[in-house]
Structure formats: structure tokens, C-alpha cells
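*Asks:* First the structure, then my questions, so here it is.
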Amino acid sequence: IGVSAPGMVTKEMVQTMNKDAIIFACANPTPEIFPDEAKAGGAKVVSTGRSDYPNQINNVLAFPGIFRGAFDVRASDINEEMKIAASNALASLISDEELNENYIIPAAFDPRVGPAVAKAVAEAARKSGVARI
Numbered sequence: 008i009g010v011s012a013p014g015m016v017t018k019e020m021v022q023t024m025n026k027d028a029i030i031f032a033c034a035n036p037t038p039e040i041f042p043d044e045a046k047a048g049g050a051k052v053v054s055t056g057r058s059d060y061p062n063q064i065n066n067v068l069a070f071p072g073i074f075r076g077a078f079d080v081r082a083s084d085i086n087e088e089m090k091i092a093a094s095n096a097l098a099s100l101i102s103d104e105e106l107n108e109n110y111i112i113p114a115a116f117d118p119r120v121g122p123a124v125a126k127a128v129a130e131a132a133r134k135s136g137v138a139r140i
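Dropping the structure here:
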């Protein structure tokens, strides 16, 4: 998992990793390694923070739903339980049949994302005692 600087990972570095490596190159706008180079090095799954490549991992996936869910229940805090609920909601949107190396997380513009995250976050806020309504 990279959250450092652009171009810090090379194809040669990927070749030293385990077979079918999973790489999250999240530096923006230029990732630590581009998907084509990572795959050429042997990576199985590659994700970046960019929307022009598959598997975008970016806070845009979670933030709207987290805040909607928190606002809906007038949460006094955004706690770990709510964050975990948001990530589980995102993960649940991809079925086993759909899951593949180019589709491990839904796209930011998938209309199911916001409502699913908001519902899960609101429920977690209630269960964890930070909901005020």
C-alpha cells in the first residue's frame, strides 16, 4: 500500500514481490506506479486514487455517504464503528460473481454507493451511541 510520492515503485520492485501481488498506489494525481507497469511486473490487482483506471480508491467513495449518514442521525461524532460500517457497505456492493482483478471496489459514480454507505453509517451511529435522534 503506497501513500507516498509519485513514481516511487518500479516494475523491478514489483517483480520481487510475491506472485500475484496486490498494489494500492494511492498517491495523487500521479501514483507510486501506474497500473500497466505494475501488471507488467507481475501484480494481479492494482488500484490507484485515479478515476481513469480501474479500482479507484479515493475518499470520494466514502465521504458523501459518511456525512449523509451522520447528518441523518445528528451524530455527535464520526467514530471507528461508523468508518468500518462505511467500508463494509462499500465491500458489500460487489457480488462474488462480479469480483475480479479490475473490479474490487465500486466506482465513485455507482448510484448505490452513497445510499448504502449512509444507511450503514447511520445504523452504526445508533448502535455505538453517538446518534442524537
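Under our numbering, read the sequence shown as residues 8 to 140, first letter to last.
Virtual Cβ for every residue (Gly too), placed ideally from N, Cα, C.
Values in this document were obtained by computation on a predicted structure and should not be read as measured data.
Could you tell me how far apart the beta carbons of residue 51 and residue 108 are, in whole angstroms, since I believe they sit closer than 8 Å?
*Replies:* Looking up residue 51 in the sequence shown gives position 44. Looking up residue 108 in the sequence shown gives position 101. With a Cβ gap of about 5 Å, residue 51 and residue 108 count as contacting.
*Asks:* Give the list of continuous beta strand (DSSP E) stretches no shorter than 3 residues that lie fully inside the region 33-85.
*Replies:* Listed in chain order, the complete beta strand (DSSP E) runs (minimum 3 residues) inside the region 33-85 are 52-55.
*Asks:* So is residue 62 buried or exposed if we call it buried at 16+ other beta carbons inside 10 Å?
*Replies:* By 1-based counting over the sequence shown, the position of residue 62 is 55. By the neighbour-count rule (16 or more Cβ atoms within 10 Å), residue 62 is buried.
*Asks:* Buried or exposed: which applies to residue 78, given that a residue is buried once 16 or more other Cβ atoms fall within 10 Å of its Cβ?
*Replies:* Sequence index remark: in the sequence shown, residue 78 carries index 71 (1-based). Exposed, since its Cβ has fewer than 16 Cβ neighbours within 10 Å.
*Asks:* What residues in its chain sit with their C-beta under 6 Å from that of residue 138, if we drop five residues either side in the sequence?
*Replies:* Position 131 of the sequence shown, counting from 1, holds the residue named residue 138. Cβ within range, chain order: 80, 82, 132.
*Asks:* I want to check one thing, is the minimum distance from the CB of residue 83 to the heavy atoms of the ligand PLP below 7 Å?
*Replies:* This structure does not include the ligand PLP; it has no bound ligands of any sort.
*Asks:* Answer with buried or exposed for residue 15, where buried requires no fewer than 16 other C-beta atoms within 10 angstroms of its C-beta.
*Replies:* Working through the sequence shown from its first residue, we reach residue 15 at position 8. Result: exposed.
*Asks:* According to the neighbour-count rule (16 or more other Cβ atoms, all chains shown, within 10 Å of its Cβ), is residue 54 buried or exposed?
*Replies:* Residue 54 sits at position 47 when you count from the first residue of the sequence shown. Flag for residue 54 reads buried.
*Asks:* So, with DSSP's three-state summary, where would you put residue 107?
*Replies:* By 1-based counting over the sequence shown, the position of residue 107 is 100. If DSSP states are grouped into helix, strand and coil, residue 107 belongs with the strands.
*Asks:* When DSSP labels each residue in this structure, what does residue 91 get in the three-state scheme?
*Replies:* Walking along the sequence shown from the start, residue 91 turns up at place 84. Three-state DSSP puts residue 91 in a helix.
*Asks:* Alpha carbon to alpha carbon, what distance is there between residue 60 and residue 42?
*Replies:* Translated into positions along the sequence shown, residue 42 becomes position 35. Translated into positions along the sequence shown, residue 60 becomes position 53. Roughly 8 Å separates the two Cα atoms.
*Asks:* For residue 97, count neighbouring Cβ atoms within 10 angstroms of its own Cβ and tell me buried if that reaches 16, exposed if not.
*Replies:* Counted from its first residue, the sequence shown places residue 97 at position 90. Buried, since its Cβ has 16 or more Cβ neighbours within 10 Å.
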